[in-house]
Amino acid sequence: MDDLDAFDGDEDAALRYAIALSLQEAGNASSEQPIELSSDEDEDKPKKEAKLPSATKGPKSPPSKQPPKGAPLKDQAVNPQEPTPSAPSSFAALGLDRKKMEEERLARLRKRKATESEPDNQDRRQRPKFDNETPINPVVKGVSPNLPYPKGIVKKTWAAGFPRVDDIKIEEVLQKDELELAVVSSFQWDDLWMLSKIDFFRTHVICIAFASNEAQQEEMKANAPQGARLKFCFPPMGPTGNMHSKLQLLKFPGYLRIVVPTGNFVPYDWGETGVIENMVFLIDLPRLDDSKIQSSDDLGPFGDELSYFLRAQGLSEKLVSSLRKYDFSEANRYRFVHSIGASHVGDKWQRTGYCGLGRAVKSLGLDTTKDIEVDFLASSLGSVNMDLVSAIYYAAQGDNGMKEYNIRTAKGGKNKGPTQAKLDLKDKFRIYFPSRDTVMQSRGGRNAAGTICAQSKWWDSATFPRELIRDCKSVRPGLLIHSKLMMVHHSHSGESKAAYAYVGSANISESAWGRLVKERGTGNPKLTCRNWECGVIVPISSQDSGGDGSHQSSQSKFHNIIPVPMEIPGEAYGATKSKRPWFFLEG
-8 MDDLDAFDGD EDAALRYAIA LSLQEAGNAS SEQPIELSSD EDEDKPKKEA
42 KLPSATKGPK SPPSKQPPKG APLKDQAVNP QEPTPSAPSS FAALGLDRKK
92 MEEERLARLR KRKATESEPD NQDRRQRPKF DNETPINPVV KGVSPNLPYP
142 KGIVKKTWAA GFPRVDDIKI EEVLQKDELE LAVVSSFQWD DLWMLSKIDF
192 FRTHVICIAF ASNEAQQEEM KANAPQGARL KFCFPPMGPT GNMHSKLQLL
242 KFPGYLRIVV PTGNFVPYDW GETGVIENMV FLIDLPRLDD SKIQSSDDLG
292 PFGDELSYFL RAQGLSEKLV SSLRKYDFSE ANRYRFVHSI GASHVGDKWQ
342 RTGYCGLGRA VKSLGLDTTK DIEVDFLASS LGSVNMDLVS AIYYAAQGDN
392 GMKEYNIRTA KGGKNKGPTQ AKLDLKDKFR IYFPSRDTVM QSRGGRNAAG
442 TICAQSKWWD SATFPRELIR DCKSVRPGLL IHSKLMMVHH SHSGESKAAY
492 AYVGSANISE SAWGRLVKER GTGNPKLTCR NWECGVIVPI SSQDSGGDGS
542 HQSSQSKFHN IIPVPMEIPG EAYGATKSKR PWFFLEG
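Residues in the sequence shown are numbered from -8 upward in steps of one, following our numbering.
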């Protein structure tokens, strides 16, 4: 084994260890570390808990004052992992004034009612009886709300100190005063901050979270505030990998909001420290009349894959089945794609990971055998090689995973296939990741890059595709980017196929997208994914892009639909060592 690789080639373990070191440094600075609901945050780190430092806390309060746009923050405690500490956030120790919170909520509702002439019966809703079987159908029947996002939209997260353009705040997503039920998954949690955004004593909340064992599950349940309407769902986990998906199902009177963010449930990922940004897909689905409630087979491709994913995570069947009480017709212009942390055989391997990505692309009619161009924005780089890049590229063309698999497993494929692909993809696949200079010159400096991870031992590997990597700089100068975004368009002008984007939780790693191998014994394909991930494919028609069929830059093809966060095409690192990315352990 390479003496530099103390993790046996497991990029997940190494990246998780890197974050843990940062968190331990924060712990040395203060003993007032809050308790998270989930494990520590970054992309692609598994749960070898016993071998990691125990500090797994996140920030609990945004800075009290934000600097003006562009002001450096290097001297402030703005590291996502090293914040200015506040009171401990153990749910049991909060001592919340429930009566006062309820009075404040009612006051807000009265103020809203005074400015909105809504029927009285909309404010006299019964609370549904809640347990882990609570369906997500609204109680009020016949309500036809004015849906904010009926056709779906992609936005950037708001960032303190910047003008508000194409962005959204967490408060605007959650709409605290109207929120009846929230099913929320995240890789990292800030429980105290979460309690400030959701009224746990009024809103039913199910947190889809990671726990390393049953004892930790019970501890998390016990730490919930007394009287809070909070339940947990713990997806099955393998020995490695992460519950890395970020998903919110938010029930409001008369409609369901589906939210797929690239960030976690922590204040810095939602712009409150003004140093890092993310992206969010959201769509509002109206409730169907009782006479039109669909059968479980009639949700369409988006709802089918969402249901498949939620069932795999262990969410109650009653709750998952209640999705059919909503109209998914507008959602079916998109595709919900996912990675399920497990090994998949039979027909299941085609539904998840990069195989599922290719299947979804084909189902939208976006598959092609012609050249495409891919711009992939990532916040973490693991042990990337051309096998992985090729698999994602072919999936982006609509392949189900077998093309790269056949090249790799063919006689001599290990030596010939990846090398040829490397030459072919040099000008077709761009991966965006910030350089050390970009991080150091950002508003928060190195202290803001706690969830931006790569390692020099992988970068310097002979198999790492350095020539594909571009420096990642935000179009909002000084911000770092935690978004995961893949933009795909056709290389040839006049191509009738639409472009599209992926927005979600998956970085460019084998942990996130999986690896297709031959199953022992049967010789059939088997896909293994270590992480739980999810995202949405957003088609970009020529009409949406404002194009006339002529060749356009990557960014101009997408800007009417996707608020592209980074400068494109970005400065290439090149094959030399003259330009280096941000290395977490060497920062």
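Don't be surprised by glycine CBs; every beta carbon is placed ideally from N, CA and C.
Can you check DSSP and say which residues form a bridge with residue i?
{"i": "ASP428", "result": "BP columns for ASP428 are empty, so no partner."}
{"i": "GLU263", "result": "GLU263 pairs with nothing; no bridge assigned."}
{"i": "TRP573", "result": "DSSP output for TRP573 lists no bridge partner at all."}
{"i": "VAL251", "result": "PHE272"}
{"i": "LEU240", "result": "VAL174 and ILE249"}
{"i": "PRO530", "result": "TYR491"}
{"i": "THR148", "result": "ILE159"}
{"i": "ASP366", "result": "ARG421 and MET478"}
{"i": "ARG278", "result": "TYR317"}
{"i": "ALA333", "result": "CYS520"}
{"i": "ILE460", "result": "ILE422"}
{"i": "MET557", "result": "SER465"}
{"i": "PHE256", "result": "TRP180"}
{"i": "ARG326", "result": "ILE528"}
{"i": "SER433", "result": "Paired residues: none, contrary to the question."}
{"i": "LEU372", "result": "ILE499"}
Report the rounded CA-to-CA distance for residue i versus residue j, giving the unit in angstroms.
{"i": "VAL271", "j": "ILE144", "result": "8 Å"}
{"i": "ARG116", "j": "HIS195", "result": "Legend: pLDDT at ARG116 = 33, less than 50; position of this residue unreliable, value from coordinates given subsequently. Rounded to whole angstroms, ARG116 to HIS195 spans 14 Å at the Cα level."}
{"i": "MET393", "j": "ALA401", "result": "12 Å"}
{"i": "ALA489", "j": "ILE553", "result": "14 Å"}
{"i": "GLY565", "j": "ARG571", "result": "10 Å"}
{"i": "GLY347", "j": "MET478", "result": "17 Å"}
{"i": "ASP182", "j": "PRO216", "result": "11 Å"}
{"i": "PHE300", "j": "SER569", "result": "43 Å"}
{"i": "VAL156", "j": "SER433", "result": "20 Å"}
{"i": "SER203", "j": "ASP281", "result": "41 Å"}
{"i": "GLU209", "j": "MET234", "result": "18 Å"}
{"i": "ILE531", "j": "ASP418", "result": "22 Å"}
{"i": "GLN446", "j": "PRO456", "result": "14 Å"}
{"i": "LEU186", "j": "LYS167", "result": "11 Å"}
{"i": "GLU562", "j": "ASP415", "result": "20 Å"}
{"i": "ASN323", "j": "PRO468", "result": "35 Å"}
{"i": "ASP260", "j": "LYS146", "result": "14 Å"}
{"i": "ALA351", "j": "LEU290", "result": "15 Å"}
{"i": "LYS237", "j": "VAL175", "result": "8 Å"}
{"i": "VAL365", "j": "ARG421", "result": "6 Å"}
{"i": "LEU459", "j": "ILE499", "result": "12 Å"}
{"i": "PRO258", "j": "THR519", "result": "33 Å"}
{"i": "LEU240", "j": "LEU247", "result": "7 Å"}
{"i": "GLY262", "j": "ASN391", "result": "37 Å"}
{"i": "SER298", "j": "VAL527", "result": "14 Å"}
{"i": "TRP573", "j": "LYS475", "result": "17 Å"}
{"i": "HIS483", "j": "LYS548", "result": "13 Å"}
{"i": "GLU395", "j": "ALA492", "result": "21 Å"}
{"i": "ARG193", "j": "ILE443", "result": "36 Å"}
{"i": "ASP462", "j": "PRO141", "result": "36 Å"}
{"i": "TRP504", "j": "PHE223", "result": "26 Å"}
{"i": "ALA151", "j": "VAL266", "result": "8 Å"}
{"i": "GLY389", "j": "ARG342", "result": "13 Å"}
{"i": "SER354", "j": "ASN214", "result": "44 Å"}
Can you determine whether any heavy atom of the ligand ADP sits closer than 7 Å to the C-beta of residue i, and answer yes or no?
{"i": "VAL271", "result": "As for the ligand ADP, it is missing from this structure, which has no ligand bound."}
Taking its Cβ as the centre, do 16 or more other Cβ atoms sit within 10 Å of residue i, making it buried, or is it exposed?
{"i": "PRO425", "result": "buried"}
{"i": "ASN255", "result": "buried"}
{"i": "ASP318", "result": "buried"}
{"i": "ALA206", "result": "exposed"}
{"i": "GLU501", "result": "buried"}
{"i": "SER320", "result": "exposed"}
{"i": "HIS473", "result": "buried"}
{"i": "PRO54", "result": "Reliability of the predicted coordinates at PRO54 is poor, the pLDDT of 35 falling under 50, and no value is obtained from them."}
{"i": "HIS481", "result": "buried"}
{"i": "ASN397", "result": "exposed"}
{"i": "GLU296", "result": "buried"}
{"i": "LEU308", "result": "A small correction: the amino acid at residue 308 is Glu; Leu does not occupy that position in the sequence shown. GLU308 should be labelled exposed."}
{"i": "SER163", "result": "One point to set straight first is that residue 163 is Glu, not Ser, in the sequence displayed. The residue in question, GLU163, is exposed, as its Cβ has fewer than 16 Cβ neighbours within 10 Å."}
{"i": "LYS283", "result": "exposed"}
At least 3 beta-carbon pairs within less than 8 Å: the stretch 237 to 254 vs the stretch 262 to 271: yes
Ranges of the alpha helix (DSSP H) found wholly within the stretch 488 to 524, counting only runs of at least 4: 501 to 504
The stretch 509 to 523 in contact with the stretch 330 to 341 per 3-pair CB rule at 8 Å: yes
Contact the stretch 321 to 334 vs the stretch 361 to 376: 3+ CB pairs below 8 Å: no
Inter-stretch contact (C-beta, 8 Å, three-pair minimum) for the stretch 301 to 317 and the stretch 210 to 227: yes
The stretch 350 to 367 contacting the stretch 433 to 451, beta-carbon criterion three pairs below 8 Å: no
Touching by the beta-carbon criterion (3+ pairs, under 8 Å), the stretch 440 to 453 and the stretch 377 to 385: no
Those runs of the alpha helix (DSSP H) which lie wholly inside the stretch 184 to 233 and span at least 4 residues: 205 to 213
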